[in-house]
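Asks:
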Amino acid sequence: MTLLDTTTRTPERQRLSQPVLFLIDDDAGVVHALRDDLNRRFGEDFRVIGDSSVAAGLATLRELANKHEPVALLIVDHNMSEMPGVNFLARAHETHPLAKRVLLVERDYSVRSPVVQAMTLGQADYHLTKPWMLEQDLYREISEFLAEWAKDQKAGFDLFHVIGRLQDRSTHELREMLTRINVPFNFQTVASEQGRHVLENKGLDPSRLPVMIRHDGYTMVEPTAAQIIEAIGGSIHSDVDECDVVIIGAGPAGLTAAVYAASVLEETVSVGQARRRTRRSRPAR
66 MTLLDTTTRT PERQRLSQPV LFLIDDDAGV VHALRDDLNR RFGEDFRVIG
116 DSSVAAGLAT LRELANKHEP VALLIVDHNM SEMPGVNFLA RAHETHPLAK
166 RVLLVERDYS VRSPVVQAMT LGQADYHLTK PWMLEQDLYR EISEFLAEWA
216 KDQKAGFDLF HVIGRLQDRS THELREMLTR INVPFNFQTV ASEQGRHVLE
266 NKGLDPSRLP VMIRHDGYTM VEPTAAQIIE AIGGSIHSDV DECDVVIIGA
316 GPAGLTAAVY AASVLEETVS VGQARRRTRR SRPAR
């Protein structure tokens, strides 16, 4: 099976230093579609590699580990014919223990969805459903996964670059907010050579600060709290008018509580709803 690696726009040496988004599904059509969607948004900062063969996929991951090339995400189909997805994740995680594990599952509107057991037992960190309907929804979820991965890295992948003046209150508040909600970023002053260079390349007015630039190039000038939250994949609006149970917090404990509550209250509650209700809380504005 031919390996799919579409990050061809950067020199070879630079490509090899980029973290990898690895995905596998024995449906080649799914691999191509997901690979292309991810490469459109994340291809400048990550190598997007996909495969539809379990043996070839494991060999690729071993090769990456031998070369000490980091893997940020392992996106694995749950129902592969050669090997169950959770088993592949277990094998892959042995060679890439810092990678975040994402289980790719069919849409399932019952608490018996395979993702429930996998996430409750710690066999996966997140899940994606297929088919994904909107690219912006896919990008938002992947950005959240990458932000969590970045927090665990020693060298650090920065989700945002911030440029401002140290003495400005707005710059201080922005940096404090990003630190409080655990969003990885780096900071340059407008007086620094790097800060001036970035502003010049973007054609930005150095008098309008702070400037916040996401890893994919999305730029905000004097961003509001609402814009910042939306840029990291959050929302300041709730699509839930009424609910039976409110769980404050996220992670394995929060997910387990939500799934158990859903199974008690209503047999047909979807995993997607349970997951949506347990999203990590964002600062209220």
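Count along the sequence shown starting at 1, add 65, and that's the number in our numbering.
The beta-carbon is built from N, C-alpha and C at its ideal position, and this holds for glycine as well.
Because the structure is a prediction, the values reported are computed rather than measured.
(1) Tell me which residue opens and which closes the beta strand (DSSP E) that A137 is part of.
(2) Whose CA, out of V305, V141 and W197, lies closest to the CA of A183?
(3) In or out: H280 buried (at least 16 other Cβ within 10 Å) or exposed?
(4) Distance, Cα to Cα, V151 vs V227?
(5) Can you tell me where the beta strand (DSSP E) with K195 in it begins and where it stops?
(6) Could you check the C-alpha separation between I294 and D110 for me, to the nearest Å?
(7) What is the DSSP secondary structure of H357, reduced to helix, strand or coil?
(8) Please name the residue, chosen from S235, A164 and L86, that lies closest to V276 on a Cα-to-Cα basis.
(9) With the cut-off set at 7 Å, would you say S117 and V96 are in Cβ contact?
(10) To which residues does DSSP link I89 through a beta bridge?
(11) Going by CA-CA distance only, name the one from Q188, W197, P162 and R205 that's closest to I297.
(12) Given this structure, state the Cα-to-Cα distance separating E287 from P271, to the nearest angstrom.
(13) Determine the burial state of T244: buried for a count of at least 16 other Cβ atoms within 10 Å of its Cβ, exposed for fewer.
(14) Within the continuous beta strand (DSSP E) that includes K165, where are the two ends?
(15) Does DSSP put T289 in a helix, a strand or coil?
(16) So does the stretch 128-142 actually touch the stretch 208-217, counting three or more Cβ pairs closer than 8 Å?
(17) Excluding five sequence neighbours on each side, which residues of the same chain lie with their C-beta closer than 6 Å to the C-beta of P84?
(18) Note down the Cα distance separating L120 from L126, rounded to an integer number of angstroms.
(19) According to DSSP, is N251 helix, strand or coil?
(20) For a quick check, are the C-beta atoms of F250 and D233 less than 7 Å apart?
(21) Mind checking which residues open and close the alpha helix (DSSP H) that includes R156?
(22) Starting from I278, trace the beta strand (DSSP E) both ways and give me its first and last residue.
Replies: Once the coordinates are examined:
(1) V136 to D142
(2) V141
(3) buried
(4) 38 Å
(5) Y191 to K195
(6) 21 Å
(7) Outside the displayed range of the chain (66 to 350) lies residue 357, so it cannot be described from this structure.
(8) S235
(9) yes
(10) D116 and V141
(11) R205
(12) 11 Å
(13) exposed
(14) K165 to E171
(15) coil
(16) yes
(17) F111, P135 and A137
(18) A small fix is needed here, since residue 120 is Ala in this sequence, not Leu. Their backbone Cα atoms lie some 10 Å apart in a straight line.
(19) strand
(20) no
(21) G150 to T160
(22) V276 to R279
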